[in-house]
Structure formats: structure tokens, C-alpha cells
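Going down the list, the protein sequences come from chains S and E.
Quick note: the first sequence, position 713, residue 713 per full-length UniProt numbering, numbers continuous.
Quick note: the second sequence, position 93, residue 93 per full-length UniProt numbering, numbers continuous.
Step one of this worksheet: look at the structure below.
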Amino acid sequence: MPKDGGIGASSKRREDVRFLTGVGNYTDDINIRGQAYVHFLRSDIAHGTLTSVDVDAAAGMAGVVRIFTGADFEGVGGIPCGWQVTDKHGEPMQEPAHPILAQGKVRHVGEPIAAVVAESPEQARDAAEAIVVDIAELPAVVNMKDAVKDGATKVHDDLTSNLCYDWGFVEENKDAVTKAFEDAAHVTSLELVNNRLVANPMEPRVAVGDYARGTDNSTLYTTSQNPHVIRLLMGAFVLGIPEHKLRVVAPDVGGGFGTKIFHYQEEAFCTFAAKACNRPVKWTSSRAEAFMSDAHGRDHVTKIELALDGDNNFTALRTDTYANMGAYLSTFAPSVPTWLHGTLMAGNYKTPLIYVNVKAVFTNTVPVDAYRGAGRPEATFQLERLVDKAAHELGVDPIALRRQNFITEFPYATPVAVEYDTGDYNATMDKLEEMADRAGFDARRKESEANGKLRGFGVNAYIEACGIAPSNLVGQLGARAGLYESATVRVNATGGLVVMTGSHSHGQGHETSFAQVVAEMIGIDENMIEIVHGDTANTPMGMGTYGSRSIAVGGSAMVRATEKIIAKAKKIASHLLEASEGDIELKDGAFSVAGTDKSVAWGDVTLAAYVPHNYPLEDLEPGLEETAFYDPANFTYPAGAYACEVEVDPDTGEVTIERFAAADDFGNVINPMIVSGQVHGGLAQGIGQALMESCVYDDDGQLLSASYMDYAMPRSSDLPMYQVDHSCQTPCTHNPLGVKGCGEAGAIGSPPSVVNAVLDALRSGGHDVAHIDMPVSPNRVWAAMHGGDAAKKAVGVVAANAKHNG
Amino acid sequence: MTQVSMTVNGKAASGEVEGRTLLVQFLREDMGLTGTHVGCDTSQCGACVVHVNGEAVKACTMFAIEADGAEVATIEGQANADGSLNVIQQAFQDHHGLQCGFCTPGMVMSAAALLKDNPKPTEAEVRHYLDGNICRCTGYHNIVKAIMAASGQDVAALAAE
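In C-alpha cells form, the structure reads like this:
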């Protein structure tokens, strides 16, 4: 029987009621009396020298309060980078300055040059159009391999080249890996692209700056996944405002998917301008602005090789990746292709020797940073495409080859520096084979063929590292922050609780699932617990939500704080019951004395804490409020196996997803309904990447896909009903809930099985195609079937997107 | 500036607007009805769907002055008279048809328009009808389920959870 409350129950989400009735409080819903509006004038040229910015005509236009240019930000800090990667020679990465408004040069389409603050959004936009900007255009650097050639135009004149870093991992393994390839019975290699994506949360970014002259306090309302991180970065590194004079509020946030982790210029601008203009300043991004200012994701070009012995055991793996950083380093950008990617290259396999090389490259494009999965989808895609290719080359079953090489004993230390605590990859593969009805595939293929279609079945395994992360470890790896999480649990006199968490919810349902955990621990109704998040003024310093870390790290902090509450409440109960503290038991919201019928209700204990008339005041402080900071001992390692079944129309190359099955091991699950929903959403994004999404620049650095008419977002009719399962559970061994995290799995695990399925379908039609790069759009599939190279042409993707939206 | 008057969720509403003021701006900024959202610039995402004279309309694609004299319904007016969730809203909660909630008002308004015209849609019909509404969170699975459940159909067999 399903539970009706607490851990493991599919409790309905309490936050839904406000969202369903139109009374949510998103940042754009916030309007402060007297606010002005800002419009950013953005570069429409990818690379050039700013020779003049003439604001005279614009400044006199109706409603204009003030116009800011780069000159107003001389002496103000730039946007900082939060992670310093050290290259294979032991040298720090190259780190360019990142100004709030362009200074001297523009380096990508969309870079803000000037900002008009006016009485209305329309007046701000009208005036921005009247600013005269003169840019001496320079050659744009777009292709990564060209960017690192000798003599290439430099994105940043003060850096030695466009190479941010050249990272080798694990450098000490390199020679042994080379030797293993020399000794291999078979080598499979593959060159592939992990296509550039735009996260596209449906709520565009918004920032509202407010300044209180009377107290010298600044407040920023912003669409962020981590308000404390924004407060620290913006306060300490950009504007020089100490944390106690700066409040950052991220209220209801309409999706993030990574791109709302980062600190952006617009946030700093609105905070700065609110003080400079002495009135609130609001910015609401248009979707076009979002495409050219939200950090993009992925964009790796990789060559990967697998060595196998004569028995098809994996003996070594090596990869060589170019990772696009864009024009500037976004907050966590350097960590994505390195520590979130190289460390996952073992996948689910006991490959003993691995070497990963990553060259991070500056180009005249929007900065690239973490997007749902961040590094792990790139690792999974390479590996799982490669293993499938190897199986095909060797003539063995792709599932059998995977099973033969699965890690089966835990804990398992990989050759790429991480230790998997638990897992059972055969169990999720068993479950997957059952769900996907592999036995019935042949009949389904025959039916498709009778309808003139090709049908393919593709599978992949995946593993990810979540619950980021042990602070001392990430500090050694270059993080300029700790990655703990926090919670304060405040019990009120009448027994209700408020949990103030450093985690942030922007669709994940924390207000429901976090309450379920505390309800279970105390044995009270979930409705007695309120979850507060998103405001630095009323939550403890926390690092926010990303990397599937909220329940694993934030939930663990909440458990620790609640344990402290229970420990103190037991002391109070032992006093009230005149019993030894060691004999007090808490069950179903009542404290009892073991072996007796004496008990006292939760509410009587909480009341005693705040009305301490009969209370051990000499031993115990009144009140019932505790805080905990939790720093994880390791990452968590969710894993699983996914299967995709497609139909391909041989006349058009169009691919349709007929079935999709996902068997995940997330460890223990708090709310199965929410977890399934997280997987569904991740699958849609992964299938979107595989079939249709692509962010495309032309050779001049013009962004060709800057609207929903050009960037194909998955729609309801593009997607099937999914089969998802998370009944295979190997609980995490090092956090108190035994949870692993589920937010990114779908996006990480799904792209390879889609492409594997398409290639399987093509093979069934006599087209032995080794690889098609994502997105596997109709024109690419058709070209691959007919031996053409349209697969490589970016313009073709945009045309396909336009058709899709058409 | 032009005076416009309309009925919004059964109440008289009027204000001064510019010719270029969109209906969605009028609703959000002048009426303070911020439940209707703006997610794109090109009438693609559907976060702003409202009903104008009973028809689903993207409120970013209509000028406020075009709605002069019209009956407009928004998400704020969808709940039952006692404040409880209506059948569609309740189905969205029961079937986890929303996550971040940003596309949700448009989804609910589109669903209401669909079910008015087609009280028992098939899964394919629901998916086709929602092509003008983008959700980035749910992968649509539970939205489709919710709408079919709201139409009184048994959704247990649609897909394994």
C-alpha cells in the first residue's frame, strides 16, 4: 500500500495551489513603488572595438532617468568566476575580466554596451534605439579548433591565446593508457559533437534592484537558484557591499536548469543603478535577450577511443575534448568540462585505465556553463555511443557487452578519482529489459516495416555524480566556494515548524518533499511544517540548488537540524515526564517513557520550551530552534539504464519516439510522484537535445537561433508517454536519508539511447551509418542515409528547426 | 492614450493604454493580474493564454484596445466560487501536471478551451492541441494525463509511473 504521508508518500504538492490559481510570486510580478525600468542596448556584432557610444540624443528623450555606459563601471568589479582550473602543466587557467557593461570591446552578440533607465519599459527601449554606437568590427572567433591555431584572432587581447586551459586527467595514467591501446585486440573510436543548447526555463530572467537610503541597505530580487551565492559574489567581488547590507531574494522561480545558478551583469547593474538613481530599477528579459545573455550549455567537440582485449573486456579509454567557454568565464564554467566530466568517464564500467584531455577555448559566443547535467551528459553521450559502436563493430549484443564490463563490487574506486559508494547496474538493466519489452521488439519492427517505416531500439547505461560536494575536496580542485548546505528548524510554541533552508526550489517541490522528511522524523502531520527558502534575510547561508544536490545535501542539513531539535525536545520531555532522558521515545508526535504508559504530546513539549514555567532552566535554554550545516563526505552516484524505440521515415528522415523506458536507481525516494516528474522533464530535455535542439552561430558569430521560431523546443506532440521506474534502490551510504538525487538523470541518460536507436533503425534498412551528430534532425538522417554530409551543416539545422516550428 | 473597458473574470475593468499596449501588459501591469505570464516574444510559448469572449487567445498577440468591450477570463478567475480548485486545476495537482508553475496558467486555460470544444479528447488530440504551449519542466507526460483525467477518462493505463 502506498503511504499517505511522510517519507515514501506521493504527497500532493502544496505549492501547486498558488501556481494553479495565478497567485504565485515570480520576480516579474514584483513591482516596487517608484520603480524605473532598464533596457540594455546589446551588441549586434560578435567581435569589435567600441570606438564611440554617443548617448546625447537618447539622454534627452521622454522619460529617460539616466543612461549608463561602460565608463560608469570603471573601478567597479567585473563578474567573477567561481572555479579556477589548473592545467596539465600546473598553471592556472587564463581568466579574462568580465565587465558589467562592455569596456573597449564587444566580444559576443548580446553583450550589453549601454543601459537606459527610464520611467517605462517602452521609453527605455525607445531611448536605447537612439544611442549611436560605433564598432570597428574584428574577425569573429567561432570554431574552437580554429580559435586555438597559431595566429588566430584573440578574443581577449591581454591573454596569451584563446586557450583557457589544457587539462589532462589523470596525467600520471597517460603513458599506461597509450601502452594499453598498443596492446589492444580491438580499438573503437568516434568523433562527435555535443551540441550547444540553451536551457530555456520558461520564465525569462528578471532583476529588480532596490536601495533604502535611510539604512544604506540594498535589496536584489532575482530569478536565481542560489540567492546566497549571488549575494556573496555580487557583494564581495562586484559592488563592494558587505553581506549584512545586501539582501538577495529569489521568490518563485520559473525553472532554472542550471542557467539561473550564475551571477549575471543585469543583477549587478540593477543593484548598482538602484543606488545611483535612488529608486528601484527593474529589468525583465525578453526571450530574444535570454538567448543571447543566459549562459548556454554543452558545446563539446570530442574524439574518444576505447581499447578492448580479445575477450571484449574494456582495457583503456582516452578522450580528447574541446570545450567552448564562450567569450567570458561564467560562474562555474571551467568546472563543467573538467571535474564534472572527466571524473565520470569511467561510467558504469570497470575500465582500468582512463586519460581525459580537455582544451577549454574562448570564442566570440555567449558564455557557456552548466546546463542540466553539466559535464555528465557529455561524458555519458561519448561513452554510451562508443560502447554501442564497439558492440556493433564486434558483432556482439550491446546490452551483453555492457553487462560484461559493468562494475559489480562496491565501493569502487575509478581510475578518474571518484569512489562510487553503491550501485547495482545489472539490476537496473534487468528492470529496463522488462519495461522495454525487448522480447516484443521484433514484432513491433515488422509492424513498422509494414507501414513503410524503419524501427530501431537503442539502449544505454549512465552514472552521474550528484550531491555536490565535499568542500575540502572541491577546494583542492579549484572551487572558490564551499559546497555544504544549511537548514534552520524553528519550532513554534504551539508545535508547528518552520524550516529555513539554503536550498532553493524552482519547480522541484521542496516545500512538499522537505516537509515530508521532517513530518516522518517527528511523527506529525506534514501541514504543521512550513518550508522557507529563497531569501537571504530569513535563511541561513546556503549554496542553493543545482547538481541534484537539494535532498542529498540540503535535506541532510535539515535532518541534522531536526535531530538536534528532537534531542533537545527529549530533554524537555524527560523533565516533564520525570524520567531519564535515555528512556524517552518519540513516536507519532508523542514522547513516551519506554515500558510505561506515560507520555507527553509534541505540542506540550514545544509549549514548555517557550513558556518555561515547569522547565529545567538551570540545564537547558528555553526555545526550540536549531541550525545545522551539512558538508557531504562524498558525491552521490545515481545510475540506471534507459531504452528508446524510434521509428524513422525513410522518405523524410523524420524520427519519432515510439517508446521510452527509464530504470533509475536514486537510492531512497522521498516522494515518488515528484521523482517521476523530475525524470519525465529530464527525458524531454535529453530527447530534445538528441532530436531537435541546437544553438547555432554562423561564421561571423551571429546567433541564428535566438527565438522559438529558430530554436526548436520539444512540444507535447514530439514526445511519448514515458515508462519510468525507480524501484531499484541501493541507498547512498554516506548521507542520513540514503538519497542520491534525481533532477538531472533524465537529461544525462537519454540522448545516447535515442541516437543508438536511430542508427539501429537505419541499419535495419541497410544503411550502415556509424554516427550522426545531434540533433538527429530529418535532414541529417536523410543525408546520412544517402551518403551526404548535410549532417554537418549548421544552416540545415536552423532550417529543420523552422520546419519543426512551422 | 486610449480608454479601454472590458470585463475581466466577471468584473468591469478599464484603463488608459497606448496603442501598442498588449492585452497581457494591460492584465499584468494595469489590472495587477500577474497570473498570466510572458515567456517569449514570438507567440510561441503560450504562457499568456487567456480567454477572450470564450476563445483561447495568446494575450501577447492581441492589443489591449482590441479587447475593448470583450469578456476576458484569466487564471485568477478559474477556481470554483468557494475558492477550491476547479476540475482542471485539481487534475493538474492530482497528476503532478506542473513543476515550476510558470507555463501552468496558459496550460490550464488552453486545457479549458480544449475540453469545451472536445470533452473527451484522445491522447493524440491533447498533444496536438497543446502544440502552442511549451513546458520545459514536465516533459508533458503529466499534463496530458491531467487533462485527460479532467475530462473524466481513466488515465491509469496511459503509462506506468
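For each residue, glycine too, the CB sits at the ideal point set by N, CA and C.
Let me know if V38(E) comes out buried or exposed under the rule of 16 or more other beta-carbons within 10 Å of its beta-carbon.
-> As a working mapping, residue 38(E) is identified with position 38 in the second sequence. V38(E) is buried by the Cβ-count criterion.
K12(S): contacting residues in chain E (beta-carbon distance under 7 Å) | Taking the first residue of the first sequence as 1, we reach residue 12(S) at position 12. By Cβ distance, chain E contributes Q93, D94.
Report yes or no: do three or more beta-carbon pairs, one from the stretch 696-714 of chain S and one from the stretch 642-654 of chain S, lie closer than 8 Å?
-> no
Who does Q476(S) pair with in a DSSP beta bridge?
-> The residue you call residue 476(S) lines up with position 476 of the first sequence. As far as DSSP is concerned, Q476(S) takes part in no beta bridge.
Sort D397(S), I304(S), N313(S), A360(S) by Cα distance to G326(S) and report the nearest one.
-> Within the first sequence, the letter at position 326 stands for residue 326(S). Checked all of D397(S), I304(S), N313(S), A360(S); the closest Cα to G326(S) is A360(S).
Contiguous beta strand (DSSP E) assignments of at least 3 residues, all confined to the stretch 698-776 of chain S = 723-725
A316(S) versus V776(S): straight-line alpha-carbon distance, rounded = Looking up residue 316(S) in the first sequence gives position 316. Looking up residue 776(S) in the first sequence gives position 776. Answer to the nearest angstrom: the Cα atoms are 29 Å apart.
Contact check, D94(E) vs K12(S) under 8 Å by CB: the rounded distance?
-> The residue given as residue 94(E) occupies position 94 in the second sequence. The residue given as residue 12(S) occupies position 12 in the first sequence. D94(E) to K12(S), Cβ: 7 Å. Contact.
For the stretch 203-215 of chain S, which residues have a CB atom closer than 8 Å to at least one CB atom of chain E, in sequence order?
-> E203, P204
Excluding the five sequence neighbours on either side, which residues of its own chain have a C-beta within less than 8 Å of the C-beta of A67(E), listed in chain order?
-> Taking the second sequence and counting its residues from 1, one reaches residue 67(E) at position 67. Only V4, M6, L23, F26, V52 meet the Cβ criterion.
Going by Cα to Cα distance, which pick from A579(S), I572(S), K282(S) is closest to W602(S)?
-> For the purposes of this step, residue 602(S) is identified with residue 602 of the first sequence, where counting begins at 1. Ranking the options by Cα distance to W602(S), first place goes to I572(S).
Is it true that the CB of L386(S) sits closer than 7 Å to the CB of T188(S)?
-> Reading the first sequence from its first residue, position 188 is the one you call residue 188(S). Reading the first sequence from its first residue, position 386 is the one you call residue 386(S). Yes, they are a contact pair.
Same chain, Cβ closer than 6 Å to A176(S), neighbours up to 5 away in sequence not counted | For the purposes of this step, residue 176(S) is taken as the residue at position 176 of the first sequence. Close CB contacts of A176(S) within its chain, under the 6 Å cut and outside five residues either way in sequence, are with L353 (chain order).
Compare the Cα-Cα distances from H300(S) to each of L232(S), V593(S), M774(S) and report the closest residue.
-> Along the first sequence, read from residue 1 onward, the residue named residue 300(S) stands at position 300. Answer by Cα proximity: M774(S).
Is H95(E) helix, strand or coil by DSSP?
-> Numbered from its first residue, the second sequence carries residue 95(E) at position 95. Correct three-state label for H95(E): coil.
Let me know if N364(S) comes out buried or exposed under the rule of 16 or more other beta-carbons within 10 Å of its beta-carbon.
-> On the first sequence, residue 364(S) is found 364 positions in, with the first residue counted as 1. Its Cβ being crowded by 16 or more others within 10 Å, N364(S) is buried.
Identify every run of the beta strand (DSSP E) within the stretch 20-102 of chain E, keeping only runs that are complete inside it and at least 3 residues long; order them along the chain.
-> 49-52, 55-58, 71-73
Can you find a CB in chain E that lies within less than 7 Å of the CB of T21(S)?
-> Along the first sequence, one-based indexing puts residue 21(S) at 21. At least one chain E Cβ lies under 7 Å of T21(S).
How do the stretch 167-187 of chain S and the stretch 137-154 of chain S stand: do at least 3 beta-carbon pairs fall below 8 Å, yes or no?
-> Short answer: they don't touch.
What residues in its chain sit with their C-beta under 6 Å from that of S224(S), if we drop five residues either side in the sequence?
-> Taking the first residue of the first sequence as position 1, residue 224(S) is located at position 224. Counting only Cβ-Cβ distances below 6 Å, and skipping sequence neighbours, we find I230, A250, K260.
Supposed contact pair E119(S) and G63(S) - C-beta distance, whole angstroms, cut 8 Å | Within the first sequence, the letter at position 63 stands for residue 63(S). Within the first sequence, the letter at position 119 stands for residue 119(S). Their Cβ separation, rounded to whole angstroms, is 4 Å, which keeps G63(S) and E119(S) in contact under 8 Å.
Cβ separation of D146(S) and T428(S), assumed to be a contact under 8 Å, to the nearest whole Å = Along the first sequence, read from residue 1 onward, the residue named residue 146(S) stands at position 146. Along the first sequence, read from residue 1 onward, the residue named residue 428(S) stands at position 428. In fact, because the Cβ distance is near 42 Å, the residues do not count as touching under 8 Å.
So, does the CB of G139(E) fall closer than 7 Å to a CB anywhere in chain S?
-> Residue mapping note: residue 139(E) aligns to position 139 of the second sequence, counting from 1. So, interface residue.
Excluding the five sequence neighbours on either side, which residues of its own chain have a C-beta within less than 6 Å of the C-beta of S285(S), listed in chain order?
-> Sequence index remark: in the first sequence, residue 285(S) carries index 285 (1-based). The residues are P204, R205.
According to a CB-to-CB cut-off of less than 7 Å, which residues of the stretch 50-77 of chain S neighbour chain E?
-> none
Which two residues bound the contiguous alpha helix (DSSP H) that contains S448(S)?
-> Counting from 1 along the first sequence, the entry for residue 448(S) is found at position 448. S448(S) -> alpha helix (DSSP H) spans 441-450.
Using the beta-carbon of each residue, which ones in chain E are nearer than 8 Å to N200(S)?
-> In the first sequence, the residue the question calls residue 200(S) occupies position 200. Within chain E, the residues near N200(S) are R136.
Enclosing alpha helix (DSSP H) for Y610(S) [first to last residue] = Position 610 of the first sequence, counted from the start, is the residue given in the question as residue 610(S). From DSSP, the alpha helix (DSSP H) with Y610(S) extends over 602-610.
Does DSSP put C164(S) in a helix, a strand or coil?
-> Here residue 164(S) refers to the residue found at position 164 of the first sequence. C164(S) falls in the strand class under three-state DSSP.
The ligand NAD heavy atoms versus the CB of N226(S): any closer than 6 Å?
-> Here there are no bound small molecules, and the ligand NAD is not part of this structure.
CA-to-CA distance, D388(S) to E129(S), given in whole angstroms | Residue numbering aside, residue 129(S) sits at position 129 when the first sequence is read from its first letter. Residue numbering aside, residue 388(S) sits at position 388 when the first sequence is read from its first letter. Distance between the alpha carbons of E129(S) and D388(S): 53 Å.
In chain E, which residues lie with their C-beta within 8 Å of the C-beta of Y349(S)?
-> On the first sequence, residue 349(S) is found 349 positions in, with the first residue counted as 1. Per Cβ cutoff of 8 Å: no residues; Y349(S) is ~28 Å from chain E at best.
Give the residues from the stretch 106-124 of chain E that approach chain S closer than 7 Å (Cβ to any Cβ), ordered along the chain.
-> V108
Any idea if R20(E) is buried or exposed, counting beta-carbon neighbours within 10 angstroms, 16 or more meaning buried?
-> Numbered from its first residue, the second sequence carries residue 20(E) at position 20. By the 10 Å Cβ count, R20(E) comes out exposed.
Own chain residues within Cβ distance below 6 Å of A113(E), not counting five before or after = Start at 1 with the first residue of the second sequence, and residue 113(E) comes out as number 113. A56.
Name, please, each residue of chain S whose Cβ falls closer than 7 Å to the Cβ of D131(E).
-> Within the second sequence, the letter at position 131 stands for residue 131(E). Contact note: D131(E) reaches chain S through R715, S716, S717, using a C-beta cutoff of 7 Å and chain order.
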